[in-house]
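Trainee: Let me begin by handing over the structure; questions about it come next.
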Amino acid sequence: MDDANEAVAPYIGLPRLPVVEWPDAPADDNPRGLHRKTRHLVEWANRRPFIWVDDEISSMDGLWGAYRRFEPWGWKPVLYAHEVVLNELAQELRPAAEGVEWFEGLPEDEQRKVLHALVLFCGQARARQDDVPESIARSGVRPTHTPAVMLANWRFGMEQLPAYELTKSFRLLISLFSIADTRRRTLHCTKRCGHEWHNLPDPPRDANVG
3 MDDANEAVAP YIGLPRLPVV EWPDAPADDN PRGLHRKTRH LVEWANRRPF
53 IWVDDEISSM DGLWGAYRRF EPWGWKPVLY AHEVVLNELA QELRPAAEGV
103 EWFEGLPEDE QRKVLHALVL FCGQARARQD DVPESIARSG VRPTHTPAVM
153 LANWRFGMEQ LPAYELTKSF RLLISLFSIA DTRRRTLHCT KRCGHEWHNL
203 PDPPRDANVG
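Under my numbering, the first residue of the sequence shown is numbered 3, with each subsequent residue one higher.
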């Protein structure tokens, strides 16, 4: 806290710096795995670039902070539920058909946000262009359909396609994310890792996604 301005700053040549004042009590509705400081710090930064060094933060905190900076897309905390569903689908904790039904039940603007998030997830999972043929085959989308042609050419931006192309885009991107994330879990996360999304419990079979 403010003690750093007395106990640290003078000895390493720093001026007196502003201090983030933490609320008396942490938010009690934080998503599972989110650090108690994250929401407050991201709100305080107000989309300004910042560096946070801490021995307790995880990939969940990085995702939360990154999404809050996509101002044109209007990210909101409710998107956390979407992230859970996408990772459950990628890990085959939920059937693909259930995921498509969930996606088609979203408003169109939410569908476009989900597609944008999926592209980010594919990048984070280190998807490769040579994963595309298998992704198309798994998705059931014809290779001649526009989203499949875009993916084959390693072009994204499917969230900008007409509404009738969104479900096909979802099926393709989920397949790509699943392939890439499975490889990452197999090669690098064989034991319990620090990726919050790789430690999801099995969802109740009678639970509705939403």
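Idealized CB from N, CA, C, for every residue including glycine.
1. Helix, strand or coil, according to DSSP, for residue 150 in the structure here?
2. From what residue to what residue does the alpha helix (DSSP H) around residue 44 run?
3. Quick one: grab the DSSP three-state call for residue 37.
4. Comparing C-alpha positions only, which one of 92, 59, 102 and 161 sits nearest to residue 179?
5. Considering only C-alpha positions, which residue in the set 170, 133, 96 and 157 is nearest to residue 141?
6. Given this structure, state the Cα-to-Cα distance separating residue 77 from residue 160, to the nearest angstrom.
7. Which of the three DSSP states, helix, strand or coil, is assigned to residue 142?
8. DSSP on residue 185, reduced to helix/strand/coil?
9. Can you find the residues in the same chain that come closer than 8 Å, C-beta to C-beta, to residue 87, ignoring five residues on each side of it along the sequence?
10. Provide the residue span of the alpha helix (DSSP H) that contains residue 7, from first to last.
Mentor: The relevant details are as follows:
1. Residue 150: helix per DSSP, three-state reduction.
2. That run of the alpha helix (DSSP H) goes 40 to 47.
3. Correct three-state label for residue 37: coil.
4. Considering only alpha carbons, the answer is 92.
5. It is 170.
6. Per-residue confidence for residue 77 stands at a pLDDT of 39, beneath the threshold of 50, marking its modelled position as unreliable; no derived number is given.
7. Three-state DSSP puts residue 142 in coil, outside helix and strand.
8. If DSSP states are grouped into helix, strand and coil, residue 185 belongs with the helices.
9. Residues of the same chain with a CB within less than 8 Å of the CB of residue 87, apart from the 5 flanking positions on each side, are 96, 101, 104 and 211 in chain order.
10. Start and end: 6 to 9.
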